[in-house]
Each structure stands twice: as C-alpha cells, then as structure tokens.
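Single-structure report; data block below.
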Amino acid sequence: MSLISVRDLRRSFGGVAAVAGVSFDLAAGEMLALIGPNGAGKSTCFNLLSGQLRPDGGSVALRGRALAGLAPREICGLGIGRSFQITAPFASMTVRENVQTALLAHRGEVWRFWRPAASYHAGPAGELLAQVGLGAQADRPAWVLAYGDLKRLDLAMALAGNPVVLLMDEPTAGMAPGERGALMALVKRLAAERGLAVLFTEHDMDVVFGIADRILVLDRGRLIAAGPPAAIRADARVRAVYLGSGEAGSGSGGGR
Ligand code: ADP
Ligand code: MG
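Each residue of the sequence shown is one higher than the one before, starting from 0 at the first, in numbering that gives the first Met the number 0.
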C-alpha cells in the first residue's frame, strides 16, 4: 500500500526547472533510492516533501491526505521524518540525553528544568540507541563519538519521532566507503522491522543497487527511469546519463 503519493511535483528557481513534473509512490517498508547527477533536483524533491520548499505545482499526499500548505513542523508531526539535519548534537550531553531531548521535542513535552534530563524517557532512549548500535556509547558525551557514530545518533534522534516515512538526503555524506553500506543496511533492517518507508539519496552506486528495493532516476528535474535495481541497471537512458563514470551499478560513479 502506498504511504506517500507524489504527483506532477514542480518547482523552479528563476528560469531553472529544478523539479519538472515528478510522480512516484512510496510504500510502507520500502527502501526507495533517488539518484541522478549533481543538480538533477534530488535535494529540491526532499525539500518539497518535507515542506522546507513550497511547490509551484503538483501534490504530495500522505495516506491520501494532501500536505499542500503545511509547515515543516506539521508535516513532521504527521509522520514524515528527516534524518541527518542535526549534524552537531548537544556535544556536552551524553548520547542518551540527546535522544531523550529528541523524544521530548517530538512529543511536544516541556522540559521542566527542575527535573534532570536523565529522568525523561530513559527506557525508550536506550532502546533506540540499541537499535542503531550505540547501546555501549549511551553514557558517553556526544562529543567523543566518531563521525559514523554521530550519524547513527542522528538516526536514533530521527526515529525518536516515530516516523512512518524517513527522508534521507545523502545520509552517508562524509563517511568512509565501508561505513556507508553498513549504515544503509542498518536503515534497511529498521525499515523492514518498523514498516518504515525510506526515500534516500546515496552517491555510492554499489550501496544504492545493493540496498534499494526500487530506484528512481532523476535527470534535469525529470524522472527518466523507475524500477527495481536490475531494471535500472539495464536501462539505456540511465546508462547514457551515467556514461563517463561507468555504467550505473558498477562502481560509485553517481552524484556528479
Ligand atoms: P541535487 O540535489 O540533485 O544535486 P538540487 O535539487 O540541489 O539538485 O538542485 C537542482 C537545481 O536547482 C540546480 O540547478 C540548482 O542549482 C537549483 N537550485 C536548487 N536550490 C536552489 C535555490 N535555493 N535557489 C536557486 N537555485 C536552486
Ligand atoms: Mg542534493
């Protein structure tokens, strides 16, 4: 069943049609990759879905409910989460306290200053940290975390909002090649467990083709292909777009 339906989505900047009529569906539990060269319009799509940008035309619906005109906070409240927005968590707080803070924020609760942070949602915070593989780091200050672990913390903080859809625009940016696959494999496992729908971009084509259930290929604001990895790999137009950096699916030539 489709959770998100995007129809004929459009957005221009000046004379540039960054997103020029994009339509797709995203189902519960699905890992959907959005790929395409630099400037193809991927980030603009993400920003239109999260409400960061207003579309010029077209529609986005969550379970049939149109999201037009809603503020990012409202869209987030309906269950469309975004990961990796917070690149710098509260450094002096522990890893667990950061997740507790995210749980408080997502649940719209007030932090009562006379109660120590450690008394709020400590159990759920610990569960989230265990799920992203940070259980052993829970009581360390966030500033000691390695870069890849910060990304896992950010994922836990996004999951604190209990989203039904997770938007991940280049979640593995800056990570070592080996870590990228591991993080996205973790996301895929969590998506399957929670029935979470994930839309993501990723530059490493090995990761994209290994992880995605389905791939959308964007070029100059338009989808030129959509389908399972095997079909995308064999698609002549996709190959043409990726020419010069190897064929799609055989290396990390995406995202130029
Ligand atoms: P991608 O994420 O695929 O690299 P973007 O969505 O960032 O692509 O950009 C698509 C096109 O829209 C590019 O030509 C880019 O220069 C343009 N663009 C994106 N955001 C803005 C903006 N805020 N103002 C003007 N042009 C923009
Ligand atoms: Mg981008």
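Here a beta-carbon is modelled for each residue, glycine too, at the ideal position from N, C-alpha and C.
Item                                                                                                                                                               : Value
Does ligand 2 have a heavy atom nearer than 6 angstroms to the CB of Lys187?                                                                                       : no
Just mark Gly248 as buried or exposed, buried being the case when its beta carbon has 16 or more other beta carbons within 10 Å.                                   : Low per-residue confidence applies at Gly248: pLDDT is 46, beneath 50, and the placement is therefore not dependable enough to give any value.
With respect to 6 angstroms, is the separation between the Cβ of Val15 and the closest non-hydrogen atom of ligand 1 below this value?                             : yes
Taking any heavy atom of ligand 2 as the mark, which residues have a C-beta closer than 5 angstroms to it, listed down the chain?                                  : Lys41 and Ser42
Compute the beta-carbon to beta-carbon distance between Leu33 and Thr200, rounded to the nearest angstrom, for a pair I have assumed lies under 8 angstroms.       : 5 angstroms
Give a yes or no on whether the C-beta atoms belonging to Asp234 and Ala225 are separated by under 7 angstroms.                                                    : no
I'd like the list of long-range same chain contacts for Leu8, defined as Cβ closer than 8 angstroms, with 5 residues on each side in sequence excluded.            : Val18, Gly20, Val21, Ser22, Cys44, Leu47, Pro54, Gly56, Gly57, Ser58 and Val59
Between Gly132 and the rest of its own chain, which residues show a CB-CB distance below 8 angstroms, the 5 nearest in sequence each way excluded?                 : Arg151 and Leu185
Which residue or residues does DSSP assign as beta-bridge partners of Pro140?                                                                                      : Thr93
So the candidates are Gly180, Leu215 and Ile231; which of them puts its Cα closest to the Cα of Asp24?                                                             : Leu215
Roughly how many whole angstroms lie between the Cα atoms of Phe89 and Trp142?                                                                                     : 8 angstroms
Hey, how far is the Cα of Arg238 from the Cα of Asp212?                                                                                                            : 19 angstroms
Return the first residue and the last residue of the alpha helix (DSSP H) that Val186 is part of.                                                                  : Pro176 to Arg193
In the DSSP output, which residue or residues are listed as bridge partners for Val5?                                                                              : Phe23 and Val59
For Phe208, verify whether its CB is less than 6 angstroms away from any heavy atom of ligand 1.                                                                   : no
Nearer than 6 angstroms: is that true of the beta carbon of Ala282 relative to any heavy atom of ligand 1?                                                         : There is no way to answer for residue 282, as the model of the chain reaches only from 0 to 255.
At a threshold of 6 angstroms, does Ala172 count as lining ligand 1 (C-beta to nearest heavy atom)?                                                                : no
Going along the chain, which residues of its own chain have a beta-carbon closer than 7 angstroms to the beta-carbon of Glu246, five neighbours each way excluded? : The predicted position of Glu246 is uncertain, since its pLDDT is 48 and thus under 50; no value can be drawn from it.
Rounded to the nearest angstrom, what separates Leu2 and Leu77 at their Cα positions?                                                                              : 12 angstroms
Does at least one heavy atom of ligand 1 sit under 6 angstroms from the Cβ of Ala39?                                                                               : yes
Let's test the definition: count the other Cβ atoms within 10 Å of the Cβ of Gly253 and tell me whether it reaches 16, buried, or not, exposed.                    : For Gly253, the predicted model reports a pLDDT of 42, less than 50, meaning its position is unreliable; a value from the coordinates is still stated below. Answer is buried; the Cβ neighbour count reaches 16.
How many Å lie between Val98 and Asp168 at the Cα?                                                                                                                 : 21 angstroms
Rounding to the nearest angstrom, what Cα-Cα distance links Asp138 and Met92 in this structure?                                                                    : 9 angstroms
So Ser49 and Arg95 are in contact, right, with Cβ under 8 angstroms, and what is the actual spacing, rounded?                                                      : Going by Cβ atoms, the distance from Ser49 to Arg95 rounds to 27 angstroms, so no, they are not a contact pair.
Straight-line CA distance for Gly122 to Val15?                                                                                                                     : 48 angstroms
Do Gly28 and Ala159 come within 7 angstroms of each other at the CB atom, strictly closer than that value?                                                         : no
Since Gly80 is in the beta strand (DSSP E), which residue starts that stretch and which ends it?                                                                   : Ile79 to Arg81
Please list the terminal residues of the continuous alpha helix (DSSP H) segment that includes Met204.                                                             : Met204 to Ile210
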